[in-house]
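J.: Please see the structure below; I have some questions.
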Amino acid sequence: MTCQPAAISNDLNNLPKLPRWVTSGRAETLETVTFRSGAVLTVLDQLVSDPRQGVPVKLLANRLALTAAVATSKLEGRVAKEADIRDAYHLTPHGEARGPDGDLLAYWRKAARLRLTRRDWHAALIALVGPEFEMHVDGWLQSAANQSQSHGPLTECVAVMRSVLQADDRAERVACLMSDIVLERLLNWPSVLPISAQYLTKAMLRDLLGNGQGADLVVQKRILQSIEEAIRLARNLAQRRAALRKVAPKLRAKGSDAAVALFLSEDAVAPSTMLSPMIQGTSFPMTDRAARRFCDRLVELGVAQELTGRSTFRLYGVV
Amino acid sequence: MTVDAKRENAKPKGAGREDVIDRELEDLPQELRWREWMGRIEVVLFASPIPVGRDDLARIVGQGVSVEMLIEDIQGELTGRPYELVQTAGGWMFRTKTQFAKAIKAAADLGDQTLAFTEMEMGVLCAIAYHQPIDRAGLKDIFGKDVSRDLLARLRFKDLIASGPRSPRPGAPHTFVTTEMFLVTFDLQSLRDLPELSLAV
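Below you can see the structure in the form of structure tokens.
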């Protein structure tokens, strides 16, 4: 087994450009959390909706989908590790059953591809939440839209989570998804980022459902924390994208542009299936050997790393 | 082929059927329309050996009519009957109540329809349910001996398990995962309904 050095990111470069008064203050009350969420959401909004910031949004969404899958696996009591989930998703032959772990990642990746501006988004949403909630969905979104006039976005996220859990206390993933959707709609983003689930625990959701004291505040703080983390990740990925772009001219392999584009949208790339015989999503052919060499070259240039630590069935991602 | 894939394949066929029956029944008074829709749903479920999904049922009743409400009304009429209309993995189906299992066994020769498991089959099925995706090597670790391919083939034949992701080991063996039929057979809505194991990890 090859040992991968832990990626130590240079924190000075990666720190979010958040004002000191946002990062230094500790959130203590609903009011301060609401206040800070405004600042944090503004920064994230700029990062994902302004292409000049150079954030690879698709890659960001897929990364967040993976961590959301890990978090919801825990919420649902299966406790699958990140590597298991990634393997289950990427190593399933096309058309065969992925199993619960792979299905969970597929769920969040589908969520991340929801385009709220498209006409059929409602049907796509029903497909994700399941027909049993079809009757509720409009009501949830409507009441969130109504109340957001007077309350902050995080209050709405928590309110919609509670409504979902009241309908079915085991629908954790639906609760988190609806919260994400409420956030996207309030911020008018074109697509959904799987943010809400990241730092939640079962106990928090139980308290939320039981109207425990301060339960709202706890969940809001965690969502705030994951928005901050998403900002850090977004800036980090923007830097990686810049680094990859810089070395791209040195890659003289045929179809390397398409392959680089794949690395900038997928969190894990399996050379044997996603780059060859055809680069995924394109019609550029690439041989098995060329795909392996291409990935090795990226690692050599320091812009990608092997994610699994295995000598076979390797998966690569930008570093 | 997965259940999902089967469903997707089935869709185009269904699309052609839509014109054949009058879904809206506009010339009937409201009360009778509802009756007719309930009847349609009931016969479709009665005729089908596998659970029928919501989309398929929506195709035989009026546009935008709630299948759930129709089913609730049917269920209301079935209270006290020895069979029930239940929601199970991805759809609804008719099912005899478990308390009458003995009567059915005594009267009918179930022959090869029976799902009777050997102890080992049941053990392997449980191991797959809790540890999926798991390959043969993983099962060997659990049972301390090789699990025969025949046994796995029998479980697969009964449509209780299917091929999952490739295991990242030499030879890329398939792993095994449980199917929707597994959920239906053991009356589970999802894998979360599996009894919790009190194994200290």
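Listed in order, the protein sequences are those of chains A and B. Just so we're aligned, residue 0 is where the first sequence starts under numbering that gives the first Met the number 0, counting upward by one. Just so we're aligned, residue 0 is where the second sequence starts under numbering that gives the first Met the number 0, counting upward by one. Glycine included, C-beta positions come from ideal geometry on N, C-alpha and C. The structure displayed is predicted, hence computed values, not measured ones.
Kindly indicate if chain B contains any beta-carbon less than 8 Å away from that of Phe312/A.
T.: Taking the first sequence and counting its residues from 1, the one referred to as residue 312/A is at position 313. At least one chain B Cβ lies under 8 Å of Phe312/A.
J.: In whole angstroms, what separates the C-alpha of Gln238/A from that of Lys249/A?
T.: On the first sequence, residue 238/A is found 239 positions in, with the first residue counted as 1. On the first sequence, residue 249/A is found 250 positions in, with the first residue counted as 1. Those two C-alpha atoms are separated by around 18 Å.
J.: Which residue from Val163/A, Leu297/A, Thr200/A puts its Cα closest to that of Val317/A?
T.: As a working note, residue 317/A is residue 318 in the first sequence. The candidate whose alpha carbon is nearest that of Val317/A is Leu297/A.
J.: So the candidates are Val128/A, Val217/A, Pro92/A; which of them puts its Cα closest to the Cα of Pro201/B?
T.: Residue 201/B is absent from the structure shown; chain B starts at 0 and stops at 200.
J.: Can you give me the Cβ contacts of Arg165/B inside the same chain, cut-off strictly under 6 Å, excluding the 5 residues immediately before and after it?
T.: The residue you call residue 165/B lines up with position 166 of the second sequence. Excluding sequence neighbours, Arg165/B sits near Ala171.
J.: Leaving out the 5 sequence neighbours to the left and right, which residues in its chain are closer than 7 Å to Leu44/B when beta-carbon positions are compared?
T.: The sequence position of residue 44/B within the second sequence is 45, counting from 1. Only Val51, Leu84, Trp91, Met92, Phe93 meet the Cβ criterion.
J.: Starting from the Cα of Ile103/B, find the closest Cα among Glu118/B, Phe116/B, Asp55/B, Pro81/B and give me that residue.
T.: Locating residue 103/B in the second sequence gives position 104, where the first residue counts as 1. When only C-alpha atoms are compared, the closest one is Pro81/B.
J.: Does the beta carbon of Val176/B come closer than 8 Å to any beta carbon on chain A?
T.: Taking the second sequence and counting its residues from 1, the one referred to as residue 176/B is at position 177. Closer than 8 Å: yes.
J.: Can you round the beta-carbon distance between Leu46/A and Ala233/A to whole angstroms, since I take them to be within the 8 Å contact cut?
T.: Counted from its first residue, the first sequence places residue 46/A at position 47. Counted from its first residue, the first sequence places residue 233/A at position 234. Between Leu46/A and Ala233/A, the beta carbon gap of about 5 Å places them in contact (Cβ cut-off 8 Å).
J.: Using a C-beta cutoff of 8 Å, does Asp86/A count as contacting chain B?
T.: To locate residue 86/A, count along the first sequence from 1; it is residue 87. Chain B, which has a Cβ nearer than 8 Å to the Cβ of Asp86/A, makes this yes.
J.: Between Phe99/B and Leu77/B, what straight-line distance do the alpha-carbon atoms span, to the nearest angstrom?
T.: Taking the first residue of the second sequence as 1, we reach residue 99/B at position 100. Taking the first residue of the second sequence as 1, we reach residue 77/B at position 78. Spanning the two alpha carbons is a distance of roughly 16 Å.
J.: Chain A partners of Gly163/B, CB-CB under 8 Å?
T.: Start at 1 with the first residue of the second sequence, and residue 163/B comes out as number 164. Here the neighbours are Ala87, Thr91, Glu95, Ala96, Arg97, Gly98, Gly101.
J.: Is the shortest distance between the beta-carbon of Gln74/B and the beta-carbons of chain C less than 8 Å?
T.: The structure shown has no chain C; the protein chains it does contain are A and B.
J.: Strictly by DSSP, which residues pair up with His173/B?
T.: Walking along the second sequence from the start, residue 173/B turns up at place 174. DSSP output for His173/B lists Arg165/B as bridge partner(s).
J.: When DSSP labels each residue in this structure, what does Thr41/A get in the three-state scheme?
T.: Counted from its first residue, the first sequence places residue 41/A at position 42. Helix.
J.: Over the uninterrupted beta strand (DSSP E) stretch that includes Gly316/A, give me the two end residues.
T.: Along the first sequence, one-based indexing puts residue 316/A at 317. Unbroken beta strand (DSSP E) run through Gly316/A: 315 to 317.
J.: If we ignore side chains and look at the alpha-carbon of each, how far apart do Ala267/A and Glu95/A end up?
T.: Mapped onto the first sequence, residue 267/A falls at position 268. Mapped onto the first sequence, residue 95/A falls at position 96. Between Ala267/A and Glu95/A, the C-alpha separation is close to 20 Å.
J.: Ignoring anything shorter than 3 residues, give me the beta strand (DSSP E) runs that lie fully in the segment 87 to 152 of chain B, in order along the chain.
T.: 90 to 95
J.: At the 8 Å Cβ level, is Arg191/B part of the contact set with chain A, yes or no?
T.: Mapped onto the second sequence, residue 191/B falls at position 192. Chain A contact via Cβ: present.
J.: Val54/A and Leu223/A: beta carbons closer than 8 Å?
T.: The sequence position of residue 54/A within the first sequence is 55, counting from 1. The sequence position of residue 223/A within the first sequence is 224, counting from 1. Not a contact, by the Cβ cut-off of 8 Å.
J.: Is the shortest distance between the beta-carbon of Arg309/A and the beta-carbons of chain B less than 8 Å?
T.: By one-based count along the first sequence, residue 309/A stands at place 310. So, interface residue.
J.: Quick one: what's Gln141/A bridged to in DSSP?
T.: For the purposes of this step, residue 141/A is identified with residue 142 of the first sequence, where counting begins at 1. Answer by DSSP bridge pairing: none, since Gln141/A is not bridged.
J.: Can you give the beta carbon distance from Glu171/A to Thr71/A, rounded, assuming they're within the 8 Å contact cut?
T.: Translated into positions along the first sequence, residue 171/A becomes position 172. Translated into positions along the first sequence, residue 71/A becomes position 72. About 6 Å; that satisfies the 8 Å criterion.
J.: Whole angstroms is fine: what's the gap from Thr184/B's alpha carbon to Glu118/B's?
T.: By 1-based counting over the second sequence, the position of residue 184/B is 185. By 1-based counting over the second sequence, the position of residue 118/B is 119. Taking the straight line from one Cα to the other gives about 17 Å.
J.: Sorted by chain position, which residues of the same chain lie with C-beta nearer than 8 Å to Phe293/A's C-beta, five sequence neighbours on each side aside?
T.: What you label residue 293/A is simply residue 294 of the first sequence in a count that begins at 1. For Phe293/A, same chain residues with a beta-carbon under 8 Å away, outside a window of 5 residues either side, are Leu250, Ala252, Ser255, Ala258, Pro270, Leu274, Met285 in chain order.
J.: For a test of the three-state rule: what should DSSP assign to Tyr82/B, helix, strand or coil?
T.: Start at 1 with the first residue of the second sequence, and residue 82/B comes out as number 83. Residue state, collapsed to three classes: strand.
J.: Return the Cβ separation of Asp206/A and Ala214/A in integer angstroms, given the expectation that the two are a contact with Cβ distance under 8 Å.
T.: Along the first sequence, read from residue 1 onward, the residue named residue 206/A stands at position 207. Along the first sequence, read from residue 1 onward, the residue named residue 214/A stands at position 215. Indeed, because the Cβ distance is near 4 Å, the residues count as touching under 8 Å.
J.: With DSSP run on the structure shown, which of helix, strand or coil describes Met134/A?
T.: Your numbering for residue 134/A matches position 135 in the first sequence. Three-state result, Met134/A: helix.
J.: Which residue comes first and which comes last in the beta strand (DSSP E) that contains Ala303/A?
T.: By 1-based counting over the first sequence, the position of residue 303/A is 304. According to the DSSP assignment, Ala303/A belongs to the beta strand (DSSP E) that extends over 303 to 305.
J.: Chain B partners of Arg172/A, CB-CB under 9 Å?
T.: One-based indexing of the first sequence puts residue 172/A at position 173. Ordered by position in chain B, no residue passes the 9 Å Cβ test against Arg172/A, which lies about 11 Å from the chain.
J.: Would you kindly report the start and end of the unbroken alpha helix (DSSP H) that includes Tyr88/A?
T.: Looking up residue 88/A in the first sequence gives position 89. Residues 81 to 89.
J.: Does Gly301/A pass the burial test, meaning 16 or more other C-beta atoms within 10 Å, or should it be called exposed?
T.: Locating residue 301/A in the first sequence gives position 302, where the first residue counts as 1. Exposed is the call here.
J.: Does the Cβ-Cβ distance between Gly137/B and His130/B come in under 8 Å?
T.: Indexing the second sequence from 1 puts residue 137/B at position 138. Indexing the second sequence from 1 puts residue 130/B at position 131. For Gly137/B and His130/B, yes; Cβs fall inside 8 Å.
J.: To the nearest angstrom, how far is it from the Cα of Leu58/A to the Cα of Leu314/A?
T.: Here residue 58/A corresponds to residue number 59 of the first sequence, with the count starting at 1. Here residue 314/A corresponds to residue number 315 of the first sequence, with the count starting at 1. Rounded to the nearest angstrom, the two C-alpha atoms are 15 Å apart.
J.: For a cutoff of 8 Å on Cβ pairs, would you count Gly301/A as touching chain B?
T.: For the purposes of this step, residue 301/A is taken as the residue at position 302 of the first sequence. With a threshold of 8 Å between beta carbons, Gly301/A makes no contact with chain B.
J.: Residues of the segment 128 to 141 of chain B in Cβ contact with chain A at a cutoff of 8 Å, in chain order, please.
T.: So the list reads Gln131, Pro132, given in the order they occur along the chain.
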